[in-house]
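S.K.: Residue numbering for the sequence shown follows the numbering used here, beginning at 141 and increasing consecutively.
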Amino acid sequence: LDNTLEEIIFKLVPGLREQELERESEFWKKNKPQENGQVDKPKVDEEGDENQDDKDYHRSDPQIAICLDCLRNNGQSGDNVVKGLMKKFIRCSTRVTVGTIKKFLSLKLKLPSSYELDVLCNGEIMGKDHTMEFIYMTRWRLRGE
141 LDNTLEEIIF KLVPGLREQE LERESEFWKK NKPQENGQVD KPKVDEEGDE NQDDKDYHRS
201 DPQIAICLDC LRNNGQSGDN VVKGLMKKFI RCSTRVTVGT IKKFLSLKLK LPSSYELDVL
261 CNGEIMGKDH TMEFIYMTRW RLRGE
């Protein structure tokens with residue numbers, strides 16, 4: 141099921157998320173996976189939730205789609221180091237910060253560490269600690285508004 145649709149349904153129907161988690165844990169208690177004679181119990185207990193959070197990587201967070209366009213600084217001398225991205229759209233958690241986006245872009249574009257990179261929204265430079273949700277709520281506007 142699509143995460144976005146799932147989140148909408150969970151927000152509309154009170155208690156549904158808890159019921160689904162309960163059903164899933166009951167299912168795994170009844171249907172223990174067995175491979176090569178080994179019996180591995182899935183960890184569904186309350187204490188195991190901390191380890192589960194570490195492996196989640198914010199997949200269950202609300203998601204946002206971002207278009208990344210490259211604006212070149214023509215005042216810079218030397219060769220044009222930056223090549224365009226193959227895919228200019230990314231989908232990420234709304235909790236992702238601009239700093240994380242900068243790291244992602246530096247790795248994807250194989251930029252030298254000395255290369256300065258700014259992330260802009262509507263022509264305004266965004267701070268490295270701004271989350272995508274904050275930018276969406278405060279800075280993002282459709283053209284013509």
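We put the CB at the ideal spot given by N, CA and C, even for glycine.
(1) Counting only the same chain and skipping the five closest in sequence on each side, list residues whose C-beta sits under 7 Å from that of Arg157.
(2) Here's the rule: buried if 16 or more other CB atoms are within 10 angstroms of the residue's CB, otherwise exposed. What is Met277?
(3) Taking the alpha-carbon of Asp258 as reference, which of Met266, Pro252 and Leu251 has the nearest alpha-carbon?
(4) Under three-state DSSP, which class holds Ser233?
(5) Buried or exposed, going by whether 16 or more other CB atoms sit within 10 Å of the CB of Val153?
(6) Just list the residues that DSSP pairs Thr271 with in beta bridges.
(7) Just how far apart, CA to CA, sit Val184 and Lys223?
(8) When you compare only the Cα positions, how much space is there between Gly155 and Ala205?
(9) Determine the DSSP secondary structure at Leu123, reduced to helix, strand or coil.
(10) What number of angstroms, rounded off, separates the C-alpha of Gly235 from the C-alpha of Lys172?
(11) Within a Cβ cutoff of 8 Å, which residues of the same chain sit near Phe229, ignoring the five residues on either side of it in sequence?
M.R.: Put simply:
(1) Here the question's residue 157 lines up with position 17 in the sequence shown. The answer, listed in chain order, is Phe150.
(2) Translated into the one-based positions of the sequence shown, residue 277 becomes position 137. Result: exposed.
(3) The count along the sequence shown starts at 1 and reaches residue 258 at position 118. Residue Met266 is the option with its Cα nearest to Asp258.
(4) Taking the sequence shown and counting its residues from 1, one reaches residue 233 at position 93. Three-state result, Ser233: strand.
(5) Residue numbering aside, residue 153 sits at position 13 when the sequence shown is read from its first letter. Only exposed fits Val153, as fewer than 16 other CB atoms lie within 10 angstroms of its CB.
(6) Here the question's residue 271 lines up with position 131 in the sequence shown. Beta-bridge analysis with DSSP links Thr271 to Thr237.
(7) Within the sequence shown, numbered from 1, the residue matching residue 184 stands at position 44. Within the sequence shown, numbered from 1, the residue matching residue 223 stands at position 83. Low local confidence applies: a pLDDT of 47 at Val184 is under 50, so the model's placement there is unreliable, and no value is given.
(8) Against the sequence shown, residue 155 aligns to sequence position 15. Against the sequence shown, residue 205 aligns to sequence position 65. If you draw a straight line from the Cα of Gly155 to the Cα of Ala205, it comes to about 28 Å.
(9) Any question about residue 123 goes unanswered here, given that the chain covers just 141 to 285.
(10) What you label residue 235 is simply residue 95 of the sequence shown in a count that begins at 1. What you label residue 172 is simply residue 32 of the sequence shown in a count that begins at 1. Reading off the sequence, residue 235 comes out as Arg, not Gly. Cα to Cα, the separation comes out at about 35 Å.
(11) On the sequence shown, position 89 is the one that residue 229 refers to. So the list reads Ala205, Ile206, Cys207 and Leu208, once near-sequence residues are dropped.
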